[in-house]
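>
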Ligand code: SAH
Ligand code: SF4
Ligand code: F3S
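Numbering (this note's numbering), first residue to last: 1471 to 1917.
Below is the structure:
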């Protein structure tokens, strides 16, 4: 019966920006195949969960969602159930045994192959696609969720082996896209009228290491810094952001490029994970807290007002109270605009998960609370500097809590609200005078 009607799809995305970008490309493929978006998963004929396994709670969330839809499949056998992303890659076949109602289990490297994989499913197969592959250039157009800011992958995968992290297991080895492919995608984004682009990589400073060519000085020819110079003048794109930076590979050349290129926003996301050198060593991060501090000082030398955000983990195996206090100290000294914090979660197939010096949940959650408290205090101090200033805000949406207001971000990535009509302002860069500051957001008025 449903075959005569338009088939409808629903995607729920968990996890990081890479997953969001992958979901947008998979949505584009599905629309190309004639599927139409359904906001409500319960009225969709195809449901795709794009999953995350960075911490145990992220993984468990997927199973509870899946359970509900698997039940529905018993009364609606033509429902197609897909699990994509990092849990799919980690679990593979095991996932099929655990949830036999599934039609397709596909790792992140296979996102661009969704059409072929679904054709196998519609032929009657149950498909698992988790073998490592060379990621194909994407030929379909992503269905982008935002009309204002577009994601562009520049490098897939990660070659680091931080001892706590599943990403290298699930995302595979680094694969850089060519500067030409990236520029072409950005030109298309500019033509479609997106004012902002965010360039993505798990370790964006690794960009180009796998591309051919060296300079006469013996550097890789295509570094991330070179890429910024290569793409910064794409027409109609007014802001360029990027994430994530790794302290081990972060260079002064990159800081200089950001200071020099007017479209590149003054915001750096550089996770430090811990403020203690021994913990950093156990994590195999490849830098010391002194080196991290030098990077921040260097950024502020070139751009005194730059925003800095980061990620940190508390309760890594063996972390002592004193070592944790070194993280607090780093946070107090640097003054982050924003910090994503997490309690360490042992992950399958990662070295630290097998160590015997795991800390209790009580210790971890106590440290997390103390850190979060300090983060909010420091973020409020950082917000304070905006008071009375005039900031350029790129309007993204209506304020969901106050329809008379719109919201957008400053160049430093602070969420900002002000009175205005979204129909008129969406996608526009507006000068806003800041009249109210909170730890993680601002309020102002259009001038
Ligand atoms: N590539 C980025 C981070 C990717 S994962 C980097 O190198 O920093 C995003 C964040 O999740 C990490 O920065 C880390 O803070 C957190 N994270 C990763 N594995 C974790 C684990 N096992 N337990 C708790 N947090 C973790
Ligand atoms: Fe994970 Fe480390 Fe790679 Fe970041 S750099 S994705 S933390 S292994
Ligand atoms: Fe999660 Fe995979 Fe991203 S594990 S954080 S969705 S790379």
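Every residue gets a Cβ at the ideal spot worked out from N, C-alpha and C, and that includes glycine.
1. Kindly identify the DSSP beta-bridge partner or partners of residue 1480.
2. Of all the alpha helix (DSSP H) runs that stay within the bounds of the stretch 1619–1667, which reach a length of 4 or more residues?
3. Residue 1820: beta carbon under 6 Å from a heavy atom of the ligand F3S?
4. For residue 1713, which beta-bridge partners are listed by DSSP?
5. Just list the residues that DSSP pairs residue 1606 with in beta bridges.
6. In the structure shown, what three-state DSSP assignment does residue 1617 receive?
7. Since residue 1814 and residue 1783 should fall inside the 8 Å C-beta cutoff, what is the C-beta to C-beta distance between them, to a whole number of angstroms?
8. In chain order, what residues of the same chain have a beta carbon less than 6 Å from the beta carbon of residue 1511, not counting five sequence neighbours either side?
9. Straight-line CA distance for residue 1841 to residue 1682?
10. Find out if the Cβ-Cβ distance for the pair residue 1606, residue 1639 is shorter than 7 Å.
11. Do you know how far the Cα of residue 1695 is from the Cα of residue 1723?
12. Tell me whether residue 1637, by its Cβ, gets closer than 6 Å to a heavy atom of the ligand SF4.
13. What does residue 1576 pair with, by DSSP beta-bridge criteria?
14. Report the start-end ranges of each alpha helix (DSSP H) in the stretch 1825–1911 that is 4 residues or longer and not cut off at the edges.
15. Where in the stretch 1682–1710 do unbroken runs of the beta strand (DSSP E), each at least 3 residues long, occur, reported from the N-terminal end onward?
16. Should residue 1481 be listed as close to the ligand F3S, given that the test is whether its C-beta is under 6 Å from any heavy atom?
17. Is it the case that the CB of residue 1488 approaches a heavy atom of the ligand F3S more closely than 6 Å?
18. Relative to the C-alpha of residue 1707, which residue among 1823, 1732 and 1680 is closest?
19. Taking only heavy atoms of the ligand F3S into account, decide whether any of them is closer than 6 Å to the Cβ of residue 1632.
20. Could you tell me if the beta carbon of residue 1614 falls within a distance shorter than 6 Å of some heavy atom in the ligand SAH?
21. Measure the CB-CB distance between residue 1632 and residue 1673 and report whether it falls below 7 Å.
22. Return yes when at least one heavy atom of the ligand SF4 lies under 6 Å from the C-beta of residue 1628, else no.
23. With DSSP run on the structure shown, which of helix, strand or coil describes residue 1490?
24. Roughly how many angstroms lie between the CA atoms of residue 1719 and residue 1646, to the nearest whole one?
25. Residue 1866 and residue 1618 - do their beta-carbons sit closer together than 7 Å?
26. Contact check, residue 1779 vs residue 1807 under 8 Å by CB: the rounded distance?
27. Use the C-beta contact count for residue 1699: other C-beta atoms within 10 angstroms, 16 or more gives buried, fewer gives exposed.
28. Residue 1552 and residue 1566 - do their beta-carbons sit closer together than 7 Å?
29. For a quick check, are the C-beta atoms of residue 1533 and residue 1482 less than 7 Å apart?
30. Please return the same chain residues whose Cβ sits closer than 7 Å to the Cβ of residue 1874, not counting the five positions on each side in sequence.
31. By how many angstroms is the C-alpha of residue 1679 removed from the C-alpha of residue 1569?
32. Under three-state DSSP, which class holds residue 1546?
33. Taking 6 Å as the cut-off, is the CB of residue 1652 close to at least one heavy atom of the ligand F3S?
34. Less than 7 Å between CB atoms is the rule here; does residue 1630 satisfy it with respect to chain B?
35. Does DSSP put residue 1791 in a helix, in a strand, or in coil?
36. Within 10 Å of its beta-carbon, does residue 1527 have 16 or more other beta-carbons around it, so buried, or fewer, so exposed?
Walking through what the data contain:
1. Residue 1480 pairs with 1517.
2. Within the stretch 1619–1667, the alpha helix (DSSP H) runs of at least 4 residues that lie entirely inside it are, in chain order, 1637–1641 and 1649–1661.
3. No - the ligand F3S has no heavy atom lying nearer than 6 Å to the Cβ of residue 1820.
4. BP columns for residue 1713 point to 1670.
5. Answer by DSSP bridge pairing: none, since residue 1606 is not bridged.
6. Three-state result, residue 1617: coil.
7. Taking a contact as a CB-CB distance under 8 Å, the pair residue 1814 and residue 1783 counts as one, their CB atoms being some 5 Å apart.
8. For residue 1511, same chain residues with a beta-carbon under 6 Å away, outside a window of 5 residues either side, are 1480 and 1517 in chain order.
9. Cα to Cα, residue 1841 sits roughly 43 Å from residue 1682.
10. Pairing residue 1606 with residue 1639 gives a Cβ-Cβ distance that is not under 7 Å.
11. Each residue's Cα considered, the two are about 7 Å apart.
12. Yes, the beta carbon of residue 1637 sits closer than 6 Å to at least one heavy atom of the ligand SF4.
13. When DSSP reads this structure, residue 1576 sits in a beta bridge with 1554 and 1599.
14. Listed in chain order, the alpha helix (DSSP H) elements of length 4 or more contained wholly in the stretch 1825–1911 are 1831–1854 and 1892–1895.
15. Segments of the beta strand (DSSP E) lying fully in the stretch 1682–1710: there are none.
16. For residue 1481, the shortest C-beta to heavy atom distance toward the ligand F3S is 6 Å or greater.
17. Residue 1488 Cβ: within cutoff of the ligand F3S.
18. The shortest C-alpha separation from residue 1707 is found at 1732.
19. No, the ligand F3S has no heavy atom inside 6 Å of this Cβ.
20. Checking the Cβ of residue 1614 against the ligand SAH gives no.
21. Against a cut-off of 7 Å, the Cβ pair of residue 1673 and residue 1632 comes out as no contact.
22. The answer is yes for residue 1628.
23. Helix at residue 1490.
24. Computed Cα separation, rounded: 16 Å.
25. In this structure, residue 1618 lies near residue 1866, with their beta-carbon atoms less than 7 Å apart.
26. With 8 Å as the limit, residue 1779 and residue 1807 qualify as a contact, their Cβ atoms being about 6 Å apart.
27. Burial call: exposed.
28. Going by C-beta atoms, residue 1566 is not nearer than 7 Å to residue 1552.
29. Not closer than 7 Å, so no.
30. Excluding residues within five positions, the ones whose Cβ falls inside 7 Å are 1889.
31. Taking the CA atoms as reference points, residue 1569 sits about 39 Å from residue 1679.
32. Here DSSP, grouped into helix, strand and coil, assigns residue 1546 to coil.
33. Between the ligand F3S and residue 1652, a heavy atom-to-CB distance of less than 6 Å is absent.
34. In the structure shown, chain B does not exist; there is a single protein chain.
35. Residue state, collapsed to three classes: helix.
36. By the 10 Å Cβ count, residue 1527 comes out exposed.
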